[in-house]
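Step one of this worksheet: look at the structure below.
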Amino acid sequence: DTEVTQTPKHLVMGMTNKKSLKCEQHMGHRAMYWYKQKAKKPPELMFVYSYEKLSINESVPSRFSPECPNSSLLNLHLHALQPEDSALYLCASSQAYLPESEQFFGPGTRLTVL
Amino acid sequence: GQQLNQSPQSMFIQEGEDVSMNCTSSSIFNTWLWYKQDPGEGPVLLIALYKAGELTSNGRLTAQFGITRKDSFLNISASIPSDVGIYFCAGQGPKLSFGAGTTVTVRA
Chain Y
152 DTEVTQTPKH LVMGMTNKKS LKCEQHMGHR AMYWYKQKAK KPPELMFVYS
202 YEKLSINESV PSRFSPECPN SSLLNLHLHA LQPEDSALYL CASSQAYLPE
252 SEQFFGPGTR LTVL
Chain Z
716 GQQLNQSPQS MFIQEGEDVS MNCTSSSIFN TWLWYKQDPG EGPVLLIALY
766 KAGELTSNGR LTAQFGITRK DSFLNISASI PSDVGIYFCA GQGPKLSFGA
816 GTTVTVRA
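Next up, the structure:
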């Protein structure tokens, strides 16, 4: 199984809503990532988890809250988002957080904030 | 991470043509990756390069890791309609630094 899965595929939420994005991998990878991608731009790193611990937070606003319940799962909790947060949110995983461990991406969640 | 210089920004292909794109960086990377992204989908890893000078093929795709570790190119031979999409280069160190992407479109 070489797949990273993400749910939901699409999400529309109001600025006062609370929602969560989910990501799962069964490749035994110990590093997982959240990226944000705007149209026609490359992905931008948000968070890195290594061995279920948060290693990197790229100065992401606190309205985005990541969680890694176990080595296969990664969540992104959303609260009080702004319309400019609308984007494709990508999860990725790699064997480890190392230069030689290539990252594999999921299909993404298309988020629209109204 | 830093953004890499990827060119061309866009290109039009005719079925059967060979196409080429490249990526340069001011920094050295130990790993270069090439991804393809279709609309509404996540990037799919095409080729990973680990050694300076390495030339790697995956079907009709060929990529090379530059000797200086600061550049890479991707060639697509005998292009077909499903080659359209956005191609991203990325240097991994361990964060991914992406190029701006090359948009490949079919020539009408």
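Taken in order, these protein sequences are the chains called Y and Z.
Take 152 as the starting number for the first sequence in our numbering and just add one per residue.
Take 716 as the starting number for the second sequence in our numbering and just add one per residue.
For glycine and all other residues, C-beta sits at the position ideal for the given N, C-alpha and C.
Skipping 5 residues on each side, what residues in its chain have a beta carbon closer than 8 Å to that of residue i?
| i | result |
| --- | --- |
| K204 (chain Y) | C219 |
| N221 (chain Y) | E203 |
For the beta strand (DSSP E) containing residue i, list its first residue and its last residue.
| i | result |
| --- | --- |
| V211 (chain Y) | Run containing V211 (chain Y): none; DSSP gives neither H nor E here. |
| R261 (chain Y) | T260 to V264 |
| S772 (chain Z) | L770 to N773 |
| T739 (chain Z) | V734 to T739 |
| A182 (chain Y) | A182 to Q188 |
| S708 (chain Z) | Look at the range of chain Z in this structure, 716 to 823, and you will see that residue 708 (chain Z) is not part of it. |
| S244 (chain Y) | A238 to S245 |
| E756 (chain Z) | Run containing E756 (chain Z): none; DSSP gives neither H nor E here. |
| T783 (chain Z) | Segment: none, T783 (chain Z) is in no beta strand (DSSP E) and carries neither H nor E. |
So, are the CB atoms of residue i and residue j less than 8 Å apart?
| i | j | result |
| --- | --- | --- |
| E732 (chain Z) | P796 (chain Z) | no |
| I791 (chain Z) | L776 (chain Z) | yes |
| L761 (chain Z) | K751 (chain Z) | yes |
| R261 (chain Y) | K173 (chain Y) | no |
If we define contact as Cβ-Cβ less than 8 Å, is residue i a contact residue for chain Y?
| i | result |
| --- | --- |
| P723 (chain Z) | no |
| K810 (chain Z) | yes |
| Y802 (chain Z) | no |
| T746 (chain Z) | yes |
| E756 (chain Z) | yes |
Who are the near neighbours of residue i in its chain, counting only those whose CB is closer than 6 Å to its CB and skipping five residues on each side?
| i | result |
| --- | --- |
| Y184 (chain Y) | V199 and A243 |
I'd like to know whether the C-beta of residue i is nearer than 8 Å to at least one C-beta of chain Z.
| i | result |
| --- | --- |
| E253 (chain Y) | yes |
| G259 (chain Y) | yes |
| F215 (chain Y) | no |
Among the residues of its own chain, which have a CB less than 7 Å from the CB of residue i, if the five just before and after it don't count?
| i | result |
| --- | --- |
| Q233 (chain Y) | M166 and V264 |
Does the structure place the segment 747-754 of chain Z close enough to the segment 777-788 of chain Z that three or more beta carbon pairs sit under 8 Å? Yes: the two stretches touch, three or more of their Cβ pairs being nearer than 8 Å.
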